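In the working numbering, the protein residues as written are 291 to 685. First comes the structure, then the notes that go with it.
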Amino acid sequence: MVLPDPADTPVHAAPRVIIVGAGIVGAATAFFLSRAGAQVTLLDAKVPASGASGASDGAVSVASKRPGPMMALACEARTLYRQWVAQGVMDGTYHARPTYLFARTEEEVAVIARQGADLMELGERILPLTHDELMQRVPGLGQHVLAGMKVPDDGHALGYRVVDRLLQISAAQVLRHTPVQRLALSDNRVVGVVTPQGTRVADAVVVAAGLGSGALTGLDDVLIPRKGQLIVTDRATLNGAALPGPLLSAGYLAAKRRMVLGQSSTSLVIDPLVTGQFLIGSSRETGFSDRQTDVLTVSKLLREALAVYPALARQRVIRTFAGIRIGTRDGLPIVGPHPSLPGLFIATGMEGDGICLSPVVGAAVADMVLGNPVRYDVSVLNPARFGALPLSQGS
Ligand SMILES: Cc1cc2nc3c(=O)[nH]c(=O)nc-3n(C[C@H](O)[C@H](O)[C@H](O)COP(=O)(O)OP(=O)(O)OC[C@H]3O[C@@H](n4cnc5c(N)ncnc54)[C@H](O)[C@@H]3O)c2cc1C
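See below:
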């Protein structure tokens with residue numbers, strides 16, 4: 291980190307870092323920075339986890355990732371979640387569970403086979419399942435499911451609970467209802483942030499503000515909102531619906547593999563929560579940033595869910611909600627120093643993977659801010675791939 295000139299700045303033993311956005315990425319970054327001795331202040335326009343982190347599922351899943359850097363980073367992130375469990379950081383918030391991929395067409399069978407090959411190359415355990423084997427392991431599955439695959443070592447953690455735990459444990463100060471209007475600049479270097487309550491100075495600023503990151507960092511043309519609608523059922527009765535892990539359609543994998551094209555799609559996930567409820571999702575509606583749900587999308591998801599897992603027919607729908615994933619033009623997150631503004635770091639664009647990836651992103655950003663060797667290879671996520679990112683006037 292390049293510290294301000296000591297001649298005109300009081301010396302602070304611990305570097306002062308402002309993080310804009312108290313979602314899961316901001317909270318994980320705050321956790322690692324605080325542990326390393328930085329003096330951290332998190333500013334949120336609303337309250338912690340009021341963005342995507344509080345309106346999502348919580349799959350910590352390697353099985354579902356796009357092959358390449360995303361799959362490799364997900365693997366590292368899952369290891370970090372396990373370490374957090376061993377260290378008492380998660381306190382019941384993370385639990386291990388298998389993922390079941392399923393195919394309904396021959397084309398989808400091929401998608402799962404390709405995903406299996408990519409997972410094995412990474413050293414992941416997989417278990418391909420024929421129709422009969424799948425029916426045996428997941429009783430009550432619809433007959434038209436052709437085949438599938440079990441990926442035994444995935445996990446789950448609800449985003450808002452992770453945020454809560456990380457903020458409880460880190461010594462970071464959290465300022466709610468404090469929107470950052472723009473960055474404070476001096477000599478073309480970021481020296482703090484401007485809020486309605488005044489200017490706050492810092493040695494470094496990390497922008498982890500989801501969609502709000504665009505205006506602050508010059509990424510407006512790069513970030514793409516993708517709405518996702520989800521359905522929550524009531525708890526299953528003792529002898530009712532029960533899944534050993536989430537059912538993930540091969541269509542979901544296909545949507546991830548062509549993420550960069552940015553089309554809208556609906557791909558089915560049926561996720562059994564520890565409460566006994568089911569979370570059914572989800573749509574990917576490109577360009578939509580409202581949080582409304584609609585009958586057409588919800589009924590399509592429910593119809594598909596019933597065809598795949600008819601036992602759900604006995605459940606009641608207790609609510610629907612939508613969250614906004616923030617994708618990017620090339621389908622990869624944006625993590626690293628701003629290409630032309632010293633003192634500024636960016637961590638955004640996690641799309642549908644932020645709950646899973648946040649430990650790795652938080653650790654990497656903390657290393658960058660403190661000028662330490664970066665412990666995970668996130669070089670492919672460097673913001674510089676989008677050019678100099680000049681700020682628009684008024685940013
Ligand atoms: C339907 C759905 C399902 C999903 N399922 C999964 C899943 O199973 N597994 C997985 O890994 N991921 C999943 N995701 C993705 C995951 O939720 C996101 O990638 C992750 O929550 C992004 O976290 P974040 O901290 O970057 O952003 P957010 O959680 O959106 O946090 C950004 C914060 O910044 C604040 N903010 C914005 N602008 C400003 C400003 N100017 N000043 C101050 N504060 C500001 C906001 O109030 C917000 O609190 C899902 C997402 C959706 C929508």
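No residue lacks a Cβ here, since even glycine has one placed at the ideal position from N, Cα and C. Values in this document were obtained by computation on a predicted structure and should not be read as measured data.
Task: His628 classed as buried or exposed, judged by whether at least 16 other C-beta atoms fall within 10 angstroms - done: buried
TODO: Could you have a look at Ile402 and say whether DSSP puts it in helix, strand or coil?
DONE: helix
TODO: Report yes if the CB atom of Gly378 is closer than 8 Å to the CB atom of Gly449, and no otherwise.
DONE: no
- [ ] Could you round the C-beta distance between Ala304 and Ala328 to whole angstroms and report it? I think they count as a contact, below 8 Å.
- [x] 6 Å
Task: Identity of the residue in Gly313, Val307, Gly311 and Ala312 nearest Arg325 by Cα - done: Val307
Open item on the list: Within 10 Å of its beta-carbon, does Val337 have 16 or more other beta-carbons around it, so buried, or fewer, so exposed?
Closed with: exposed
- [ ] List the endpoints of the continuous alpha helix (DSSP H) containing Ser589.
- [x] Val585 to Val598
- [ ] Using alpha carbons as the reference points, say which of Ser648, Leu391, Asp667 and Ser354 lies closest to Leu431.
- [x] Leu391
- [ ] Just mark Ile314 as buried or exposed, buried being the case when its beta carbon has 16 or more other beta carbons within 10 Å.
- [x] buried
- [ ] Identify the continuous alpha helix (DSSP H) that holds Leu323 and give its terminal residues.
- [x] Ile314 to Arg325
Open item on the list: I want to check one thing, is the minimum distance from the CB of Val512 to the heavy atoms of ligand 1 below 7 Å?
Closed with: no
Open item on the list: Let me check one thing: in DSSP terms, what residues is Asp635 bridge-paired to?
Closed with: The residue you asked about is not Asp; residue 635 is Phe in the sequence shown. In DSSP, Phe635 forms a bridge with Val496 and Pro627.
Task: 7 Å CB neighbourhood of Val655 in its chain, flanking five on each side removed - done: Thr319, Val496, Val625, Phe635 and Ala637
TODO: Answer yes if the stretch 434-445 comes into contact with the stretch 406-423, meaning at least three C-beta pairs across the two stretches below 8 Å, and no otherwise.
DONE: yes
- [ ] With a threshold of 16 other CB atoms inside 10 Å of the CB of Thr369, please say whether the residue is buried or exposed.
- [x] exposed
- [ ] Out of Gly488, Leu456 and Leu558, point me to the one whose CA is closest to Tyr384's CA.
- [x] Leu456
- [ ] Give the range of the beta strand (DSSP E) segment to which Asp561 is assigned.
- [x] Ser555 to Pro562
Task: Short Cβ contact (8 Å threshold) for Ile570 with Leu591 - done: yes
Task: Classification of Ser669 by the beta-carbon crowding that lies within 10 angstroms, buried from 16 upward - done: exposed
TODO: Grab me the residues of Leu563's own chain with a C-beta within less than 7 Å of its C-beta, minus the 5 sequence neighbours each way, in chain order.
DONE: Leu569
Task: Outcome for Gln487 when other beta-carbon atoms lying within 10 angstroms are tallied against a minimum of 16 - done: exposed
Open item on the list: Can you give me the C-alpha to C-alpha distance between Val401 and Ser539, rounded to a whole angstrom?
Closed with: 10 Å
TODO: Going by CA-CA distance only, name the one from Arg606, Arg490, Gly577 and Glu641 that's closest to Val310.
DONE: Arg490
Open item on the list: Do Arg574 and Arg516 have their beta-carbon atoms positioned less than 8 Å apart in this structure?
Closed with: yes
Open item on the list: If you reduce the DSSP assignment to three classes, tell me which class Leu551 lands in.
Closed with: Reliability fails at Leu551, whose pLDDT of 49 lies under 50, so the model's placement of it is uncertain and the value that follows must be treated cautiously. Helix.
TODO: Apply the 10 Å Cβ neighbour rule to Gln519 and answer buried if 16 or more other Cβ atoms are within range, or exposed otherwise.
DONE: buried
Open item on the list: For a test of your reading of the model: does the CB of Asp444 fall under 7 Å from any non-hydrogen atom of ligand 1? Yes or no.
Closed with: no
Open item on the list: DSSP three-state label for Val651, please.
Closed with: helix
Task: Cys365: CB within 7 Å of a non-hydrogen atom of ligand 1 - done: no
- [ ] Can you say whether Thr299 is buried or exposed, counting buried as having 16 or more other CB atoms within 10 angstroms of its CB?
- [x] With a pLDDT of 45 at Thr299, under the threshold of 50, the modelled position of that residue is not reliable, and the figure given next carries that caveat. Thr299 should be labelled exposed.
Task: For Arg665, three-class secondary structure by DSSP - done: coil
Open item on the list: Is it buried or exposed, Ser554, if we count other Cβ atoms within 10 angstroms and call 16 or more buried?
Closed with: exposed
Task: Reduced DSSP category for Glu575 - H, G, I as helix; E, B as strand; rest coil - done: strand
Open item on the list: For Leu551 and Ala544, what's the separation of their Cα atoms in angstroms?
Closed with: Confidence at Leu551 is low in this model, with a pLDDT of 49, below 50, so its placement is unreliable and the value that follows should be read with caution. Going by the C-alpha atoms only, they are around 12 Å apart.
TODO: Quickly, what does DSSP pair Met439 with across the bridge? List them, please.
DONE: Leu391 and Pro418
Task: Residue range of the alpha helix (DSSP H) that includes Val452 - done: Gly449 to Ile459
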